[in-house]
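Trainee: Pasting a structure below so you can have a look.
Residue numbers (the working numbering): -12 to 226.
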């Protein structure tokens, strides 16, 4: 005997796959559900191609330079070339974005020297972790600001030598001179004694963004840039 529950007679046939609530016509393939007009699709770049280069070029049009990762000799050369180009092309300020920046000691000193010779003001914005000689690049900017999530690791750079005893002694003397230049720059910017800066680096002192402001390594926090304009490359600024 077949029984039906109250409210289900006559029994409804099962709904076939396809559009919810509407049975499909015989011989037609299943129809996909209609998209919800209230939900906008997410757009991503699926074909990268040369997009990093184009993006950096657009940032340069807005006088924005980015440096991230480990700054070695080759990267320092590219960074210096970008800074010198912007300095030659106009008189507007330059925004230097430093994200998770660490650096080889000679490379950092190279960028520091170029920053000292630029005619235009450079404001550095530090995000993520900035450490080691990368702090010298930050300290050489005209103005220094930190994103709220930034950390600053004061540490001595790691170097290794190989070769005859006389060559190792020469390398050690060169590293001492470069370290003295780095610590002198940090002491000049922060107002701390040179020995105090050196001791903080040897201890591997870590500073939050708030502590970096108190240490006077940075002048304050990054501010909002304001509403975006049409700009040259669609990244804000005047047209």
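Every residue gets a Cβ at the ideal spot worked out from N, C-alpha and C, and that includes glycine.
Taking the continuous beta strand (DSSP E) assigned at residue 109, which residues delimit it?
Mentor: 109 to 114
Trainee: Does the segment 126 to 146 come within contact of the segment 190 to 205, defined as at least 3 CB pairs closer than 8 Å?
Mentor: yes
Trainee: Could I get the ranges of all uninterrupted alpha helix (DSSP H) runs contained in the segment 138 to 210, with 4 residues as the minimum, in chain order?
Mentor: 152 to 177, 181 to 190, 196 to 202
Trainee: At what residues does the beta strand (DSSP E) containing residue 84 begin and finish?
Mentor: 81 to 90
Trainee: How is residue 32 classed by DSSP in three states: helix, strand or coil?
Mentor: Confidence in residue 32 is poor, its pLDDT being 41 and thus under 50, which makes the residue's placement unreliable; the coordinate value appears in the next sentence. Correct three-state label for residue 32: coil.
Trainee: Rounded to the nearest angstrom, what separates residue 80 and residue 156 at their Cα positions?
Mentor: 43 Å
Trainee: Verify whether the separation of the beta carbon atoms of residue 134 and residue 111 is less than 8 Å.
Mentor: If you check the CB distance, residue 134 and residue 111 do not come in under 8 Å.
Trainee: Helix, strand or coil for residue 133, going by three-state DSSP, please let me know.
Mentor: strand
Trainee: Nearest to residue 168 by alpha carbon, out of 117, 93, 116, 208?
Mentor: 93
Trainee: Return the Cβ separation of residue 126 and residue 98 in integer angstroms, given the expectation that the two are a contact with Cβ distance under 8 Å.
Mentor: So it is not a contact: roughly 11 Å between Cβ atoms.
Trainee: Indicate the three-state DSSP secondary structure (helix, strand or coil) for residue 68 in the structure shown.
Mentor: helix
Trainee: Who are the Cβ neighbours of residue 203 in its own chain at under 6 Å, not counting the five residues just before and after it?
Mentor: The beta carbon of residue 203 lies closer than 6 Å to those of 177, 178 in the same chain, with the five residues before and after it left out.
Trainee: Based on DSSP bridge pairs, tell me the residues matched to residue 56.
Mentor: 88
Trainee: At the level of alpha carbons, what is the spacing between residue 200 and residue 78?
Mentor: 28 Å
Trainee: Is the separation between the beta-carbon of residue 95 and that of residue 115 shorter than 8 Å?
Mentor: no
Trainee: Would you mind sorting residue 83 into buried or exposed? The rule is 16 or more other CB atoms within 10 Å of its CB.
Mentor: buried
Trainee: Would you please state the rounded distance, in angstroms, between the beta carbons of residue 117 and residue 73? I believe it to be under 8 Å.
Mentor: Actually they are not in contact, since the Cβ atoms of residue 117 and residue 73 sit about 21 Å apart, beyond 8 Å.
Trainee: Go ahead and label residue 59 buried or exposed: buried means 16 or more other beta carbons lie within 10 angstroms of its beta carbon, across all protein chains shown.
Mentor: exposed
Trainee: So, with DSSP's three-state summary, where would you put residue 118?
Mentor: strand
Trainee: With burial defined as no fewer than 16 other Cβ atoms inside 10 Å of the residue's Cβ, what is the status of residue 161: buried or exposed?
Mentor: exposed
Trainee: Quick one: measure Cβ to Cβ for residue 206 and residue 130, integer angstroms, because I've assumed they're closer than 8 Å.
Mentor: 6 Å
Trainee: When burial is assigned at 16 or more other CB atoms within 10 Å of the CB, is residue 66 buried or exposed?
Mentor: When all chains shown are included, residue 66 counts as buried.
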